[in-house]
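Reviewing the structure listed below.
Number of protein chains: 2
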Amino acid sequence: MDTADQPTLADVAERAGVSVATASRALTGARPVSDDLQRKVREASKSLGYRRNTVASSLRLQRTETVGLVLPRYTTTFLSALIESVSDGLEHHDMSLVLRYSEPDAVHDRENIESLIGRRVDGIIICPPSLEVSRESIEAAGAIPVVQVGRFVETDRSDSVGLDEDRATSMLVAHLADRGAGRILVVGLDADATADVRRIRALQATGALRGVSVSAAEFTGAVLDGGIRAAERLVSEYASGDDGWSGPDALVCANDDVASGVLAVLRMRGVAVPGTVQVASLLDLAPGREDHSTTTLRHPWPEMGREAVRLLIDAIGRGSDRVARRVSLAPQLVPGSSTRP
Amino acid sequence: MDTADQPTLADVAERAGVSVATASRALTGARPVSDDLQRKVREASKSLGYRRNTVASSLRLQRTETVGLVLPRYTTTFLSALIESVSDGLEHHDMSLVLRYSEPDAVHDRENIESLIGRRVDGIIICPPSLEVSRESIEAAGAIPVVQVGRFVETDRSDSVGLDEDRATSMLVAHLADRGAGRILVVGLDADATADVRRIRALQATGALRGVSVSAAEFTGAVLDGGIRAAERLVSEYASGDDGWSGPDALVCANDDVASGVLAVLRMRGVAVPGTVQVASLLDLAPGREDHSTTTLRHPWPEMGREAVRLLIDAIGRGSDRVARRVSLAPQLVPGSSTRP
DNA sequence: CTTTTGCTTGCAATCGATTACCAAGGAGTC
DNA sequence: GACTCCTTGGTAATCGATTGCAAGCAAAAG
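If you're matching them up, the sequences are chains A and B in order. The first sequence: position 177 = 176 (numbering that gives the first Met the number 0), numbered continuously. The second sequence: position 92 = 91 (numbering that gives the first Met the number 0), numbered continuously.
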């Protein structure tokens, strides 16, 4: 039984013939210790295979060197890039990552935060599962710094890292306009959802500057099937006889899945892409897969993770006198064969 | 300052007019407390917004309700399914997940384990980054239960969950044989790597039962380019003039990437798939994307995660008197358009 | 030679929750 | 009525590391 337990600092101290205080100081370097004892303690520590008990240390120091990361469960694919970069960033600061998935319901979301607070994490990075639900969860964190990533809930307590939406939309519109597009139709954005409305407005604003008209198709869902349905309607409405096309000359899809559906239908129905219609996507769902069949915007998840960690570490160090900061990062445009070269 | 700190059990006890012992008992239910005091303590707790300090509790109980998950960094795509299912399983037991990525080098791997031990996690789930490196890391865990998942390092200390390789290979060979394949060529497996040799052997063994010959192509790498190179060689060797084909009538690729490369080349060179040659993959790299262009084996990552948690929780409860257990799960065959219907 | 300064080292308190142990009071038994 | 048994509450020790305070000792200053 005795051998199974991890050795404690007291064991090390006894073996080295010093007090626990000295042993602690020798190992942490909190205060100087004579070379002789320093060496003895180190040797004792090594020979016993001593490992500092982080739990006890955390209790005393009121600091756990742990950060909670709360992510929504859906769209897991591209969040793994975020997890990795956050993990890397934290490792760089000798901190650990406690991961938790959230559902878009208030109770579960709140429980996640409560549990992390109970663990006394030093900070929290959260991608709010829903724009309505998370505000009070975030505020419940109280003195614990919170950084939101990917999405925003308005709060004056927390920093946030997100996509530069304006830049994203303008990059895409410019890309299409440069390639001759004059009428853009948006597919897969919901004109009844706040965030989507903002995106549509941004697309229109940029379009106006370039003399491009931008309108939104009726919302049929931001998934593959939605793209298929939307494209079917387009074809039946605008394709006249053979090769005639009186519809928009560019389609901006909410994401790659929608774009895939759209592309499949257009090709099947003989509408030339990118000859007659160009297609692009606002969100790369599968970064890492070098596909290039669709021109798309790659969200800077790794950079967002790094930035979130930077903000959080900074906020932890700074204490409570802080102003909410907001960092926006530009996406990367990945040209594909669905727009002209 | 005082309001910023979390309230402690002592605060609750004072407010309720009882001792901390009673407050603790009322909240944990460790021992019965009279209804009157029970109510008072609960009210005090709620009105103060008390949250048990898990750090202090862990120190006293010698149990952190935390599990470490160590994953290799590469091939992130399909590990996210594992992370999710492990997370779910643990949440079900009110345990937290500490995530850590490993590199295939011994020092880093060891540090990960040491750090988790320092945090006094109750158990560890690990996907060994390399078959050579991780053994002593795992053994360093000592009394802390370890479950390996996805890959195995021989140890008598740890349970493991993995793919039922024999079943996997036989499912695939049977699928091809049922569809008329008589000569199977394996692409993307390395005849110099132990694990791959075992797979090739298993394929051959199953083939023998069905009267199918199985041989392995020279190793050109288990990536897209490797598939391309392998297919180019095949075509130049076996395609005679137009439509003649004297090569194998089925290709088993190490994974979807290899298969994609193979398919691209075969189609470009006019070899009919699945008419002349059928193609299948041993490993679905992007589960969740419903592609169906390639017949593939989907590894049961969610189930593996669940099983790993089950084994670990069991091992934690059981203490040290345990025998290494090994659970093998069958993959799921997902038919695609690269083999005959 | 004495006093002061400076550096090490040890003692004991501390972080917050849990629990072994003790004491008091009530119920039940002979 | 005296005794035991059971329930409930409090006191204080405990988990393991860190650190304020003070003591001890040597070198430097007077």
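By construction, the Cβ of each residue, glycine as well, lies at the ideal position given by its N, Cα and C atoms.
What three-state label does DSSP hand residue i in the structure shown?
i       : result
Y100(A) : strand
Q147(B) : strand
G335(A) : coil
A238(B) : strand
V66(B)  : strand
R158(A) : At residue 158(A) the sequence reads Asp, which differs from the Arg that was named. Three-state DSSP puts D158(A) in a strand.
P340(A) : coil
S95(A)  : strand
G122(A) : strand
S417(A) : This structure leaves residue 417(A) out entirely; chain A is present only between 0 and 340.
G88(B)  : helix
V17(B)  : coil
V106(A) : helix
S33(A)  : coil
R134(B) : helix
S56(A)  : helix
V40(B)  : helix
R51(B)  : coil
V152(A) : coil
S327(A) : strand
Q61(B)  : coil
L8(A)   : helix
Are any of the Cβ atoms in chain A nearer than 9 angstroms to that of residue i?
i       : result
N371(B) : With chain B covering only 0 through 340, there is no way to say anything about residue 371(B).
T63(B)  : yes
D87(B)  : yes
L304(B) : The sequence shown places Gly at residue 304(B), rather than the Leu named in the question. It does not; no Cβ of chain A falls within 9 angstroms.
S169(B) : no
E231(B) : no
G316(B) : no
A323(B) : no
S79(B)  : yes
E90(B)  : yes
E135(B) : no
Leaving aside the five residues before and after residue i along the sequence, list all residues of the same chain whose C-beta is less than 7 angstroms from its C-beta, in chain order.
i       : result
A230(A) : G260, V261, V264 and L265
T78(A)  : Residue identity check: residue 78(A) is Leu in the sequence provided, not Thr. Cβ within range, chain order: L70.
L96(A)  : V66, L68, V85, S86 and L89
Is the shortest distance between the beta-carbon of residue i and the beta-carbons of chain B less than 9 angstroms?
i       : result
D4(A)   : yes
V106(A) : no
I125(A) : no
A285(A) : yes
A271(A) : no
I312(A) : no
E138(A) : no
R119(A) : yes
I227(A) : no
Keeping to the same chain, check which residues put their C-beta closer than 6 angstroms to that of residue i; ignore five residues upstream and five downstream.
i       : result
E135(B) : none
L355(A) : This structure does not reach residue 355(A), given that chain A is present from 0 up to 340, and the question cannot be answered.
M94(B)  : E64 and V66
A167(A) : L296 and P330
Using C-beta distances below 8 angstroms, list every residue in its chain close to residue i, excluding the 5 sequence neighbours before and after it, in chain order.
i       : result
M323(A) : Per the sequence shown, the amino acid found at residue 323(A) is Ala instead of Met. So the qualifying residues of the chain are T154, D155, R156, S157, D158 and S159.
V276(A) : W244, G246, P247, D248, A249, L250, L265 and V270
P301(B) : A80, L81, E83 and S84
Original post:
What are the complete beta strand (DSSP E) segments, minimum 3 residues, inside the segment 246-322 of chain B?
Top reply: 249-252, 277-280 and 294-297
Subject >> 3 or more residues per run - each beta strand (DSSP E) lying fully within the segment 167-231 of chain A >> reply: 182-186 and 212-215
**OP:** Indicate whether the contact test is met: 3 or more Cβ pairs, each with one atom in the segment 3-20 of chain B and one in the segment 42-54 of chain B, closer than 8 angstroms.
**Re:** yes
Original post:
With a cut-off of 8 angstroms, do at least 3 Cβ pairs link the segment 85-99 of chain A to the segment 294-314 of chain A?
Top reply: yes
Original post:
Taking three-plus beta-carbon pairs below 8 angstroms as touching, is the segment 30-37 of chain B in contact with the segment 22-42 of chain A?
Top reply: no
Subject >> the segment 289-304 of chain B contacting the segment 110-118 of chain B, beta-carbon criterion three pairs below 8 angstroms >> reply: no
Original post:
If you pair each beta-carbon of the segment 217-226 of chain A with each one of the segment 186-195 of chain A, do three or more pairs fall below 8 angstroms?
Top reply: yes
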